[in-house]
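Visitor: Per UniProt numbering, residue 1 is the first one in the sequence shown, and the count goes up by one each step.
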Amino acid sequence: MAPLPAAATATASSAATPADDEAHSLLPSTPSDEEDDDDLEERAYEATEKVIVSISDFPDADDDEEESGLATSTAASGIPPFSWRKLWLFTGPGFLMSIAFLDPGNLEGDLQAGAVAGDTLLWLLLWATSMGLLVQLLAARVGVATGRHLAELCRDEYPSWARRALWLMAEVAMVGADIQEVIGSAIAIKILSRGFLPLWAGVVITALDCFIFLSLENYGVRKLEAVFAILIATMAVSFAWMFTDTKPNMKNLFIGILVPKLSSRTIRQAVGVVGCVIMPHNVFLHSALVQSRKIDPNKEHQVREALRYYSIESTIALAVSFMINLFVTTVFAKGFYGTKEAGNIGLENAGQYLQEKFGGGFFPILYIWGIGLLAAGQSSTITGTYAGQFIMGGFLNLKLKKWIRSLITRSFAIVPTIIVALFFDKSDSLDVLNEWLNVLQSIQIPFALIPLITLVSKEKVMGVFKIGRNTQAVTWTVATLLITINGYLLLDFFSSEIRGLLSGSILCVAVLAYASFVLYLILRGTELPNQIITTIRKSFS
1 MAPLPAAATA
11 TASSAATPAD
21 DEAHSLLPST
31 PSDEEDDDDL
41 EERAYEATEK
51 VIVSISDFPD
61 ADDDEEESGL
71 ATSTAASGIP
81 PFSWRKLWLF
91 TGPGFLMSIA
101 FLDPGNLEGD
111 LQAGAVAGDT
121 LLWLLLWATS
131 MGLLVQLLAA
141 RVGVATGRHL
151 AELCRDEYPS
161 WARRALWLMA
171 EVAMVGADIQ
181 EVIGSAIAIK
191 ILSRGFLPLW
201 AGVVITALDC
211 FIFLSLENYG
221 VRKLEAVFAI
231 LIATMAVSFA
241 WMFTDTKPNM
251 KNLFIGILVP
261 KLSSRTIRQA
271 VGVVGCVIMP
281 HNVFLHSALV
291 QSRKIDPNKE
301 HQVREALRYY
311 SIESTIALAV
321 SFMINLFVTT
331 VFAKGFYGTK
341 EAGNIGLENA
351 GQYLQEKFGG
361 GFFPILYIWG
371 IGLLAAGQSS
381 TITGTYAGQF
391 IMGGFLNLKL
401 KKWIRSLITR
411 SFAIVPTIIV
421 ALFFDKSDSL
431 DVLNEWLNVL
441 QSIQIPFALI
451 PLITLVSKEK
461 VMGVFKIGRN
471 TQAVTWTVAT
481 LLITINGYLL
491 LDFFSSEIRG
501 LLSGSILCVA
511 VLAYASFVLY
521 LILRGTELPN
531 QIITTIRKSF
541 S
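Okay, structure coming up:
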């Protein structure tokens, strides 16, 4: 097990010997120490890859008295004054994380919510994004405070069988999301090529593009982040253009955001809006991305400063993603709410419906939609591959070159996606496929949320940065709400799909095993099992 940050051992520091302090330090004191650590454990980023954020070291109590009074006062207060320059240096990981809120699966949920429910679910979109922000801030907190990402921490926290099960679930969730993202990108390529390139060709192009973009990481993390910034800006401009062209009713828009409204007719769309917020692989991803900045987890002031800037950056990033999702929802609400086409719109035919409804104009809306969808698909497939590297490396502690891990994780998704594209390119069943993929990802949500909340609540792991009781109560409430909502989605889906005694029996066994594992994860993160064991022992003594 890797050593904990100094914050996690602060309570025992008075009793620790100098030798103990040296043994528990995460800072490499010599090059040979760093090489030994590298040989023992896979890292999200090597030291040479990290972005230097120029956080000044504060003087310790035994430093020379000639240090400036300003530095001493900031050390005493815990964090230095706010700096726009430092915010810029920390900007990047939050925007990469926000792409999971903008992937083709989310866009399909947006357009279906708008077409079926109009603007009435915009308030839910806002609250769902806020819940997603809370979860992602916890993921960032874990990564910064411990210097390790969630998959690595799970490897040490859980026994071998549970660790392998969690890895398998994370991989399955990532593949399910990746298939949706690649298919969305392939649909966009088909639109922009006027149908010349079939779906399978778009899948192959997307796979190759992903490797080209990821190769930019060899030139520095900031170069890759700049590519994502361009893709997000492309989405924002494309969907804002559509929003302006269609001239939605602004009064209905603000009422939809401010006034909660839900009916039995729109309950499925509402569940879809909330269910799309938490992407299991994105939780693992964000906890790793925040380590791309050079932060020493042993220095409390550095961790606090990093958490402040990451919180600001993540909030801005998800505000941008909320606006983009809002644009898509209101465009389809304006065009199709209350029409007979509302129930038939999906990702594949959405562009054609838009073209028929709103016409060409200066630049045909079909191609504006295609450009935005292509940016969403390309960006989300890259982050999916990125997440796969961290998940595989963290859970299995594989010391592989990044391009090899990229090839492995990409193959997990591309091979089944090409098979899917060859089959579904000849039918109109993409919506059915998306439903099954949404279910696949919904099943995995507890296996990212529960370990995250468990670890971020542990003083042994987080030290002084563990969340308090009130925050724990809020996060467990949010997690329970999300798991319940997705449970409703699963129940609704399987009740309409499963027929016959045999399939029903298999489903019951699967549900029992699933519920047992979820319960195990919950109880393992609390003191309840120990209390039960203690009570039983006392009763027999």
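C-beta: ideal position from N, C-alpha, C; glycine also.
Everything numeric in this text was worked out from a predicted model, so none of it was measured.
Residues in its own chain within less than 7 Å of S98 by CB, not counting five upstream and five downstream?
Guide: Only A317, L318, V320 and S321 meet the Cβ criterion.
Visitor: Under 8 Å, with one C-beta from each stretch per pair, do the segment 507-515 and the segment 463-483 reach the 3-pair mark?
Guide: Verdict: no, contact absent.
Visitor: Give the secondary structure of V53 by DSSP, where H, G and I count as helix, E and B as strand, and everything else as coil.
Guide: V53: coil per DSSP, three-state reduction.
Visitor: What span of residues does the alpha helix (DSSP H) with S505 cover, start to end?
Guide: It spans L501 to R524 - the alpha helix (DSSP H) in which S505 sits, taken as one unbroken run.
Visitor: Cβ atoms of F239 and V328: under 8 Å apart, would you say?
Guide: Yes.
Visitor: Can you tell me whether DSSP reads R163 as helix, strand or coil?
Guide: Helix, per DSSP.
Visitor: I'd like the span of the alpha helix (DSSP H) that includes H301, first residue to last.
Guide: That run of the alpha helix (DSSP H) goes E300 to F336.
Visitor: I need the boundaries of the alpha helix (DSSP H) containing Y386, first residue and last residue.
Guide: Taken as a continuous stretch (DSSP letters only), the alpha helix (DSSP H) holding Y386 covers I365 to L396.
Visitor: In the DSSP output, what is R268 paired with across the bridge?
Guide: Partner(s): none; R268 has no beta bridge.
Visitor: Just verifying my parser: in three-state terms, what is the DSSP assignment at residue 568?
Guide: There is simply no residue 568 to check, as the chain begins at 1 and stops at 541 in what is shown.
Visitor: Determine, using beta carbons only, whether G256 and W127 come nearer to each other than 8 Å.
Guide: No; because the gap between Cβ atoms is not below 8 Å, this pair is not in contact.
Visitor: In or out: Q352 buried (at least 16 other Cβ within 10 Å) or exposed?
Guide: Exposed, by the Cβ-count rule.
Visitor: My understanding is that A333 touches G114, with C-beta atoms under 8 Å, so please give their C-beta distance in whole angstroms.
Guide: Contact flag correct, Cβ pair sits at about 4 Å.
Visitor: In the structure shown, what three-state DSSP assignment does D64 receive?
Guide: Residue confidence is low: D64 scores 41 on pLDDT, short of 50, so the model does not pin down where it sits. Its coordinate-derived value is still stated next. In the structure shown, D64 sits in coil (DSSP, three-state: anything other than H, G, I, E or B).
Visitor: Answer with buried or exposed for G176, where buried requires no fewer than 16 other C-beta atoms within 10 angstroms of its C-beta.
Guide: Result: buried.
Visitor: From G346 to V478, what does the alpha carbon distance come to, in whole angstroms?
Guide: Computed Cα separation, rounded: 29 Å.
Visitor: List the endpoints of the continuous alpha helix (DSSP H) containing C154.
Guide: Unbroken alpha helix (DSSP H) run through C154: L150 to E157.
Visitor: Grab the span of the alpha helix (DSSP H) containing D245 for me, first residue to last.
Guide: Per DSSP, D245 belongs to the alpha helix (DSSP H) from V221 to T246.
Visitor: Under the rule that 16 or more other beta-carbon atoms within 10 Å means buried, what is L502, buried or exposed?
Guide: When all chains shown are included, L502 counts as exposed.
Visitor: Going by DSSP in three states, G195 sits in which element: helix, strand or coil?
Guide: Reduced to three states, the DSSP call for G195 is coil.
Visitor: Using beta-carbon positions only, say whether G92 and E225 come within less than 8 Å of one another.
Guide: Yes, the Cβ-Cβ distance between G92 and E225 is below 8 Å.
Visitor: Just tell me which of V461, K458 and I382 has its CA closest to the CA of V100.
Guide: The sequence shown places Ala at residue 100, rather than the Val named in the question. When only C-alpha atoms are compared, the closest one is I382.
Visitor: What are the start and end residues of the alpha helix (DSSP H) that includes G351?
Guide: A350 to F358 is the extent of the alpha helix (DSSP H) around G351.
Visitor: Within its chain, find whatever has a CB closer than 7 Å to the CB of A288; leave out the 5 residues flanking it on each side and keep chain order.
Guide: So the qualifying residues of the chain are A44, G143, H149 and F390.
Visitor: Within the same chain, show all residues whose beta-carbon is closer than 8 Å to that of G132, passing over the 5 residues directly before and after it, in chain order.
Guide: Cβ within range, chain order: F101, V277, I278 and L318.
Visitor: I'd like to check one pair, I187 with L373: are the Cβ atoms closer than 8 Å?
Guide: Yes, Cβ-Cβ distance for L373 and I187 is below 8 Å.
Visitor: With a Cβ-Cβ cutoff of 8 Å, do G377 and L192 count as a contact?
Guide: Cβ atoms of G377 and L192: not closer than 8 Å.
Visitor: Reducing DSSP to helix, strand and coil, say where S457 ends up.
Guide: Of the three classes helix, strand and coil, the one that applies to S457 here is coil, per DSSP.
Visitor: Any idea what DSSP makes of Y488, helix, strand or coil?
Guide: It is helical.
Visitor: Measure the Cβ-Cβ separation of I52 and K294 and say whether it is below 8 Å.
Guide: Yes, the pair counts as a contact, with Cβ atoms nearer than the cut-off.
Visitor: Less than 8 Å between the CB atoms is what I'm expecting for V203 and I414, so what's the real figure, rounded?
Guide: Between I414 and V203 the Cβ distance is about 7 Å, and since that is below 8 Å, they are a contact.
Visitor: Pull up the CB-CB distance for Q112 and P280, whole angstroms please, since I reckon it's below 8 Å.
Guide: Between P280 and Q112 the Cβ distance is about 22 Å, and since that is not below 8 Å, they are no contact.
Visitor: Note the first and the last residue of the continuous alpha helix (DSSP H) segment covering L137.
Guide: Note, L137: alpha helix (DSSP H), L122 to T146.
Visitor: What three-state label does DSSP hand F101 in the structure shown?
Guide: Note: F101 maps to helix in three-state DSSP.
Visitor: Closest to I419 by C-alpha separation, out of L523, I183, A47 and G118, would be which residue?
Guide: Looking at the Cα atoms, I183 is the closest of the given residues.
Visitor: Within the continuous alpha helix (DSSP H) that includes G256, where are the two ends?
Guide: Start and end: M250 to L258.
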